[in-house]
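In this note's numbering, the protein residues as written are 4 to 562.
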């Protein structure tokens, strides 16, 4: 039979402790044995004697001792550590005070609520059960209401009584949040709720009765503890941001700035090569066929839309977005990837956490899913082209062999993703986020959009080559597009790296009768024009997307 562990912190409660423990041990919740973990937090001699007597007379009580008073939070953490060491998968743990303000008979309702909702954390709600409205209690309820409101605002989780002592945990929840708990006094209450919210743990609530006592009767919480709640909430908000946003350490910022500066040098190098070797590249750009320019821009628009749909598809198992919202966020992220420090990923995290209340784990799993799908389609395209070289072909062709190899690689990568998504270790870590990889339909749709996206890159590369006078086969355009995507994804910066990589690789792919200098000039023109074709739409549309996202965030702040 599973065990319900009751962690009871006690500090100087000689008059109420015995009756409190007797009432706890008298409980027989359906399907559970009750075991008390009593934590003596440096109490006086009378309370110490009472705890030792209780532990000596019952095998269902474990006594832990702090030699000096460390606070309620420290006592709870000590009890949690002992319970976690002894718990099995179906066991539960509840916090209970030693002052008889709470009735353990209410645990039946709390357990029923946990069973019905499968919640990882179930909170008691003193106000739902009704409390006599004396002036003192009205003031107490008002103060608790303000603290709970602050918690709701800071965590994004709506609860009715954050400060209630009665909190029921599953083993998985306790193992997840215990490393985050470090408050020694009453700040443990908001910290528990904040930690649960940060880890996207389901929170339920159940009514409990409450018989508050006054300070003259031994109540220990003080006004300074109420102030401490705000400090704890602010600290936990920072922790959430640190977990949510990729760490931008000083070294990383310096590295990205150096990458941006080097990218500027690479752009200048490409521009210098583009107009050397006797090439009339500038004239070609000025006299380009308007239809080719339209194709250049249209393929960019198609790529932007397909990229947004890829994110939208993979998010569906975790959260429902409108297509407009996803496209706007995608445009904003694309725009800020041009910044000296790549901010696109950080802004995605911040927007979806702040506006959509997505958890850090879900956002991380979603972004990882997009990265895996991108690598799957990109790797398949590269494999389909490069495998033709060892087979003896003089040039890469976009024929049946390419499509057959691409399809085979996509199928194999899809199977691998589905198997990885079902791995028990990944499921325990992602806590539902693995659903981005375990739905075959979602995976198929996202791979299809990424494939179309790659096609748009290839079309833009072909159109840019046509404008500057370079003859590219569809297969060569697809291969160079894959090279461009790799360069654009460079973590050191977007500007310059992609253009330089295309300019360096293209001469080895293109078959040309031009001199070496002319070929270098043509491929540099190709690299610059293809990149400019993307920027010509991404930047203005990214500005519009950023404005839309900023307004959405502003509206969220006022709700």
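Yeah, the Cβ is synthetic: ideal placement off N, Cα and C, and Gly gets one too.
This structure is a prediction, so every number in the text was calculated from the model and none was measured.
Euclidean distance between Cα positions of residue i and residue j
i           : j           : result
residue 410 : residue 481 : 15 angstroms
residue 31  : residue 114 : 12 angstroms
residue 541 : residue 151 : 44 angstroms
residue 198 : residue 364 : 13 angstroms
residue 333 : residue 306 : 11 angstroms
residue 425 : residue 454 : 24 angstroms
residue 191 : residue 183 : 10 angstroms
residue 489 : residue 448 : 22 angstroms
residue 534 : residue 501 : 8 angstroms
residue 195 : residue 180 : 7 angstroms
residue 271 : residue 484 : 21 angstroms
residue 137 : residue 166 : Only weak support exists for where residue 137 lies, its pLDDT of 47 falling under 50; the value from the coordinates is given anyway. Taking the straight line from one Cα to the other gives about 19 angstroms.
residue 82  : residue 67  : 8 angstroms
residue 8   : residue 55  : 19 angstroms
residue 80  : residue 418 : 43 angstroms
residue 438 : residue 444 : 11 angstroms
residue 548 : residue 335 : 5 angstroms
residue 388 : residue 539 : 29 angstroms
residue 321 : residue 170 : 27 angstroms
residue 144 : residue 24  : 27 angstroms
residue 34  : residue 99  : 20 angstroms
residue 119 : residue 172 : 14 angstroms
residue 553 : residue 361 : 18 angstroms
residue 357 : residue 159 : 9 angstroms
Within 8 angstroms, strictly: CB atoms of residue i and residue j
i           : j           : result
residue 496 : residue 266 : yes
residue 209 : residue 128 : yes
residue 380 : residue 450 : yes
residue 39  : residue 28  : yes
residue 369 : residue 291 : no
residue 338 : residue 499 : no
residue 188 : residue 74  : yes
residue 163 : residue 193 : no
residue 6   : residue 106 : no
residue 299 : residue 123 : no
residue 377 : residue 390 : no
residue 96  : residue 177 : yes
residue 383 : residue 412 : yes
residue 508 : residue 473 : no
residue 111 : residue 117 : no
residue 302 : residue 506 : no
residue 269 : residue 503 : yes
residue 22  : residue 103 : yes
residue 186 : residue 101 : no
residue 343 : residue 258 : no
residue 373 : residue 314 : yes
residue 440 : residue 423 : yes
residue 304 : residue 469 : no
Extent of the continuous beta strand (DSSP E) run through residue i
i           : result
residue 36  : 36 to 44
residue 206 : 206 to 210
residue 12  : 6 to 13
residue 98  : 95 to 98
residue 172 : 170 to 173
Cβ neighbours of residue i in the same chain (closer than 6 angstroms, five flanking residues each side left out)
i           : result
residue 78  : 12, 42 and 44
residue 330 : 311
residue 366 : 352 and 355
residue 108 : none
residue 65  : 40
residue 84  : none
residue 52  : none
residue 49  : 17
residue 37  : 7 and 30
Opening and closing residue of the alpha helix (DSSP H) in which residue i lies
i           : result
residue 373 : 363 to 389
residue 493 : Unbroken run through residue 493: none, as it is neither H nor E.
residue 352 : 347 to 357
residue 66  : Premise fails: residue 66 lies in the beta strand (DSSP E), 64 to 69, not in any alpha helix (DSSP H).
residue 128 : Residue 128 -> not in any alpha helix (DSSP H); beta strand (DSSP E) instead, spanning 124 to 128.
residue 333 : 326 to 339
residue 191 : 191 to 201
residue 182 : First-last for residue 182: undefined, no H or E at that position.
residue 464 : 443 to 471
residue 425 : Per DSSP, residue 425 belongs to no alpha helix (DSSP H) and is neither H nor E.
Close-in-space but distant-in-sequence residues of the same chain around residue i (CB under 7 angstroms, 5 per side omitted)
i           : result
residue 277 : 284, 524, 527, 528 and 531
residue 70  : 45
residue 233 : 153
Closer than 7 angstroms: residue i CB and nearest the ligand FAD heavy atom
i           : result
residue 454 : Among the components modelled here there is no ligand, and therefore nothing to report on the ligand FAD.
Residues near residue i by beta carbon distance below 8 angstroms, same chain, minus five either side
i           : result
residue 237 : 157
residue 91  : 5, 6 and 174
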